[in-house]
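Novice: Order-wise, the sequence lines are chains A and B.
Be aware that the first sequence starts at 1, since it is given in the working numbering, and climbs by one per residue.
Be aware that the second sequence starts at 215, since it is given in the working numbering, and climbs by one per residue.
Yeah, the Cβ is synthetic: ideal placement off N, Cα and C, and Gly gets one too.
From a predicted model like this one, the values you see are computed outputs, not experimental measurements.
Once you've had a glance at the structure underneath, I'll fire off some questions.
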Amino acid sequence: MPDNVVDYDVLRDILEEGLPLLGEHLALVITAMVIAAAIAIPLGILVAHTRRWRALATGIAGIGQTIPSLALFGFLIPLPLIGGIGAHTAIVALVLYAVLPILRNTITGIQGVDPAVRDSAVAMGMTRAQMLRLVELPLAAPVILSGLRIATVATIGTATIAAAIGAGGLGVFIFRGIASVDKWQILAGAIPSALLALCADAGIGWLEKRCASS
Amino acid sequence: MSLIEFHRVGFQIGPKVILRELNLTVEAGETLVLLGRSGSGKTTALRLINGMLFPTSGQVVVSERPTTEWDAVALKRSIGYVIQESGLFPHFTVGRNVGLQPELAGWPKEKIGERVRTLLRTVSLDPDEFLARYPRQLSGGQRQRVGVARALAADPGILLFDEPFGALDPVTRLDLQREFPRLVTELGKTAVFVTHDVREAMKLGTRIALLEAGCLVFAGTPGEFQMCGHPEARAFQEVFRDAG
Ligand SMILES: Nc1ncnc2c1ncn2[C@@H]1O[C@H](COP(=O)(O)OP(=O)(O)OP(=O)(O)O)[C@@H](O)[C@H]1O
Ligand SMILES: [Mg+2]
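So, in structure tokens, the structure goes:
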């Protein structure tokens, strides 16, 4: 059969297998992002006002980023508790990658609050918690969201590699396609992943704009 | 009894001395202008009054109690603070900005709404026109008016102004300078007003205190200030005369 003609059986198979894989992929990404945000945003808030802590936190968060993703997945497999074959290992790796951009933007956002605005909040007798809730977080929100957006888009792509350690997701198509030199399989993994990334970019971008203009 | 008293107040950051042996009193109902060059310590002195900073030596006494013994929130609520460029919350409407302190103090909604409208009228802004606007939709002069309304919200006895008109065009500035004394006296407030503009100091102050490099070199009425022979006072007098 010529290579460039669509084989409808193959297409149906891909669709049948693809929806669950897409679901797995989404689950990986969403879980990783929720955990990463739950770590990075509070951490960013805690360290934002102290230069030494800021450097330490971003330094540590930065280490994960320097390791090539495939290698990081490999390193994690032999580790007890967080390692092994399967989705949880992939999630650990994805979280390690996603923390830095969110952390960095949380710090940038909070530091970016106009000192005059901060001063008037203090002079008004706001407590630390009120300052955070009423002033710092709302004003930093667009920048924090932009960090979340960047991290989410990257995570959607990186999550395709998770298939290499048996975590499932759209990467299953890609790895199988590479192994069997089947471009349809590769596309079946790559296209939805790319579309997902575009949707996440647009969706979070829209939230960002809404926050910035209110 | 003085409302605000500085007793041999020193303030330093690390080895850097910012204020030295400052003795100064502010009586109820007066407007004390803190005059000095840039970096002379005016803002620092102002922030020692509302407990944004605390002296590293000596004491600042407000309403007969040292600032260190005040509850931090109670002290700040009893003192209004207005700064250059107003420091309004850019994500809140004018109404929310002005009503925020009453909101934090737990006032009921209707009472806050009423208070906000009254305050906006006090600073000559039409509530119906301005309540729902955001700070970025205001002119510089309007922003400063809102800043003043916000500082008045919890009905503080003391108002602190840190170069509130510094960033305004000369005409708007003159408008606000004309309105200012009327506002302060009508409302029966005690004010400490920071400026480096000697003309503003002469116009607004019932008393002037001159700071030079962290030291108080003169305190007295505008009339006495013009007679003062201290070199730093003379430097300012010269500016005043030059300006006509
Ligand atoms: N946080 C700080 N750390 C180090 N030095 C400071 C700090 N705050 C103020 N200073 C220094 O203290 C001195 C007085 O500052 P202050 O802000 O009180 O001056 P100012 O009279 O209000 O000046 P300006 O008219 O420019 O506002 C300046 O030399 C300033 O550099
Ligand atoms: Mg100053």
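1) Here's the rule I'm using: 16 or more other beta-carbon atoms within 10 Å means buried, otherwise exposed. How should residue 246/B be labelled?
2) Restricting to Cα atoms, I'd like to know which of 105/A, 80/A and 84/A is closest to residue 137/A.
3) For residue 271/B, does the three-state DSSP call read helix, strand or coil?
4) I'd like the span of the beta strand (DSSP E) that includes residue 327/B, first residue to last.
5) With the cut-off set at 8 Å, would you say residue 304/B and residue 92/A are in Cβ contact?
6) Tell me whether residue 241/B sits in a helix, a strand or coil according to DSSP, three-state version.
7) Is the Cβ-Cβ distance between residue 204/A and residue 127/A less than 8 Å?
8) Under 7 Å, CB to CB, which of the residues in the segment 133 to 149 of chain A have a partner in chain B?
9) Span of the alpha helix (DSSP H) holding residue 136/A?
10) Do three or more CB pairs link the segment 393 to 405 of chain B to the segment 368 to 381 of chain B at distances below 8 Å?
11) Please state whether DSSP places residue 115/A in a helix, a strand or coil.
12) Mind checking which residues open and close the alpha helix (DSSP H) that includes residue 14/A?
13) Starting from the beta carbon of residue 126/A, find every residue of chain B whose beta carbon is closer than 8 Å, and list them in chain order.
14) Look at the alpha carbon of residue 46/A and the alpha carbon of residue 65/A, and state the distance between them as a whole number of angstroms.
15) Can you pull every residue whose C-beta falls closer than 7 Å to some heavy atom of ligand 2, listed in chain order?
16) Tell me whether residue 181/A sits in a helix, a strand or coil according to DSSP, three-state version.
17) Between which two residues does the alpha helix (DSSP H) holding residue 456/B run?
18) Quick check on residue 198/A: buried or exposed, where buried means 16 or more other Cβ atoms within 10 Å of its Cβ?
19) Rounded to whole angstroms, what is the Cα-Cα separation between residue 446/B and residue 413/B?
20) What does DSSP give as the partner residue(s) for residue 278/B in the beta ladder?
21) What is the residue span of the alpha helix (DSSP H) that residue 289/B lies within?
22) Of all Cβ atoms in chain A, is any one closer than 8 Å to the Cβ of residue 470/B?
23) Kindly list the residues whose CB is nearer than 7 Å to the CB of residue 451/B, restricted to its own chain and excluding five residues on each side of it in sequence; keep chain order.
24) For a test of the three-state rule: what should DSSP assign to residue 221/B, helix, strand or coil?
25) What would DSSP say about residue 299/B, mapped onto helix, strand or coil?
26) Using a Cβ-Cβ distance under 8 Å, would residue 315/B count as near chain A?
27) How long is the line joining the alpha carbons of residue 176/A and residue 79/A, rounded to whole angstroms?
28) Report the option in 216/B, 270/B, 248/B and 390/B whose CA atom is closest to the CA atom of residue 336/B.
29) Does the beta-carbon of residue 311/B have 16 or more other beta-carbons within 10 angstroms, so that it is buried, or is it exposed?
30) Is the Cβ of residue 227/B closer than 8 Å to any Cβ of chain A?
31) Can you find at least 3 beta carbon pairs, one from the segment 246 to 261 of chain B and one from the segment 277 to 285 of chain B, that sit closer than 8 Å?
32) With DSSP collapsed to three states, give me the class of residue 340/B.
33) Please compile the residues from chain A whose C-beta is within a distance smaller than 9 Å of the C-beta of residue 309/B.
34) By DSSP's criteria, residue 230/B is part of a beta bridge. Which residues make up the other side?
35) Is any heavy atom in ligand 1 found nearer than 7 Å to the beta carbon of residue 227/B?
36) Tell me whether the segment 185 to 202 of chain A and the segment 162 to 175 of chain A touch, counting them as touching only if at least three CB pairs, one residue from each stretch, are closer than 8 Å.
Specialist: To lay it out plainly:
1) For this step, residue 246/B is matched to residue 32 along the second sequence. The residue in question, residue 246/B, is buried, as its Cβ has 16 or more Cβ neighbours within 10 Å.
2) As a working mapping, residue 137/A is identified with position 137 in the first sequence. If we check each option's Cα against that of residue 137/A, 105/A comes out closest.
3) Along the second sequence, one-based indexing puts residue 271/B at 57. When secondary structure is reduced to three states using DSSP, residue 271/B falls in the strand class.
4) Taking the second sequence and counting its residues from 1, one reaches residue 327/B at position 113. Not the beta strand (DSSP E): residue 327/B falls in the alpha helix (DSSP H), residues 323 to 336.
5) Counting from one through the second sequence, the residue named residue 304/B turns up at place 90. Counting from one through the first sequence, the residue named residue 92/A turns up at place 92. For residue 304/B and residue 92/A, no; Cβs fall outside 8 Å.
6) Within the second sequence, numbered from 1, the residue matching residue 241/B stands at position 27. Annotated three-state conformation of residue 241/B is coil, per DSSP.
7) The sequence position of residue 204/A within the first sequence is 204, counting from 1. The sequence position of residue 127/A within the first sequence is 127, counting from 1. Not in contact: residue 204/A and residue 127/A (Cβ atoms no closer than 8 Å).
8) Residues of the segment 133 to 149 of chain A with a Cβ closer than 7 Å to any Cβ of chain B, in chain order: 135, 138 and 139.
9) Taking the first sequence and counting its residues from 1, the one referred to as residue 136/A is at position 136. Judged by DSSP secondary structure, residue 136/A falls outside any alpha helix (DSSP H); it is assigned neither H nor E.
10) Touching, per the Cβ criterion.
11) The sequence position of residue 115/A within the first sequence is 115, counting from 1. Residue state, collapsed to three classes: helix.
12) As a first step, residue 14/A is located in the first sequence; it is residue number 14 there, counting from the start. Segment 8 to 47, the alpha helix (DSSP H) holding residue 14/A.
13) Counting from one through the first sequence, the residue named residue 126/A turns up at place 126. Within 8 Å Cβ-Cβ: 318.
14) Within the first sequence, residue 46/A is the residue found at index 46, counting from 1. Within the first sequence, residue 65/A is the residue found at index 65, counting from 1. Approximately 21 Å, taken between the alpha carbons.
15) Taken from the N-terminal end onward, the list reads 256/B, 257/B, 376/B, 377/B and 408/B.
16) Residue mapping note: residue 181/A aligns to position 181 of the first sequence, counting from 1. Coil, per DSSP.
17) Here residue 456/B refers to the residue found at position 242 when the second sequence is read from its first residue. 445 to 457 is the span of the alpha helix (DSSP H), which, as asked, contains residue 456/B.
18) As a first step, residue 198/A is located in the first sequence; it is residue number 198 there, counting from the start. Counting Cβ neighbours within 10 Å, residue 198/A comes out exposed, since fewer than 16 surround it.
19) As a first step, residue 446/B is located in the second sequence; it is residue number 232 there, counting from the start. As a first step, residue 413/B is located in the second sequence; it is residue number 199 there, counting from the start. In this structure, the straight-line span from the alpha carbon of residue 446/B to that of residue 413/B is close to 15 Å.
20) Here residue 278/B is taken as the residue at index 64 of the second sequence, counted from 1. Its beta-bridge partners do not exist; DSSP assigns none.
21) Walking along the second sequence from the start, residue 289/B turns up at place 75. Boundaries of the alpha helix (DSSP H) around residue 289/B: 286 to 291.
22) This structure does not reach residue 470/B, given that chain B is present from 215 up to 458, and the question cannot be answered.
23) Residue numbering aside, residue 451/B sits at position 237 when the second sequence is read from its first letter. Same-chain partners within the cutoff: 440.
24) Here the question's residue 221/B lines up with position 7 in the second sequence. Here DSSP, grouped into helix, strand and coil, assigns residue 221/B to strand.
25) The count along the second sequence starts at 1 and reaches residue 299/B at position 85. If DSSP states are grouped into helix, strand and coil, residue 299/B belongs with coil.
26) Here residue 315/B is taken as the residue at index 101 of the second sequence, counted from 1. Residue 315/B counts as touching chain A.
27) Counting from one through the first sequence, the residue named residue 176/A turns up at place 176. Counting from one through the first sequence, the residue named residue 79/A turns up at place 79. Spanning the two alpha carbons is a distance of roughly 26 Å.
28) Numbered from 1 along the second sequence, position 122 holds the residue referred to as residue 336/B. Cα-wise, what sits closest to residue 336/B is 390/B.
29) Taking the first residue of the second sequence as position 1, residue 311/B is located at position 97. Counting Cβ neighbours within 10 Å, residue 311/B comes out buried, since at least 16 surround it.
30) Position 13 of the second sequence, counting from 1, holds the residue named residue 227/B. Interface with chain A (8 Å Cβ-Cβ cutoff): residue 227/B is excluded.
31) No, the segment 246 to 261 of chain B is not in contact with the segment 277 to 285 of chain B.
32) Within the second sequence, numbered from 1, the residue matching residue 340/B stands at position 126. When DSSP states are grouped into helix, strand and coil, residue 340/B belongs to the coil group.
33) Residue 309/B sits at position 95 when you count from the first residue of the second sequence. From the beta-carbon of residue 309/B, no residue of chain A is found nearer than 9 Å; the closest lies around 15 Å away.
34) Counted from its first residue, the second sequence places residue 230/B at position 16. In DSSP, residue 230/B forms a bridge with 227/B.
35) Position 13 of the second sequence, counted from the first residue, corresponds to residue 227/B. In this structure, residue 227/B has its CB closer than 7 Å to one or more heavy atoms of ligand 1.
36) These segments touch.
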